[in-house]
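Residue numbers (my numbering): 439 to 516. Backbone N, C-alpha and C fix where the C-beta goes; we use that ideal spot for every residue, glycine too. Treat the numbers as computed from the prediction; the structure is a model and nothing was measured.
Next comes the structure, spelled out in structure tokens:
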């Protein structure tokens, strides 16, 4: 695993997590009618939970936009 491949994976994972966080907040926001009626602690908790789920999914399943064979080469022993 090279430093460049690791950076590529981190960048792609960070983008995916940020999109998930924002999408979750917007989903809860559009369900509420007025911004003052939104329960912000619950909204942020839901967004954080979804982001952690996506992060764990990226770690376990990998990312389709990153070539996992460059990062995790499980067939060779070093």
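| Item | Value |
| --- | --- |
| Would you kindly report the start and end of the unbroken alpha helix (DSSP H) that includes residue 480? | 478-499 |
| Candidates 457, 449, 443 and 446: which alpha carbon is nearest residue 491's? | 457 |
| Buried or exposed: where does residue 451 fall if 16 or more other Cβ atoms within 10 Å of its Cβ makes it buried? | buried |
| For a test of the three-state rule: what should DSSP assign to residue 466, helix, strand or coil? | helix |
| Would a C-beta distance cut-off of 8 angstroms place residue 447 and residue 494 closer than the cut-off? | no |
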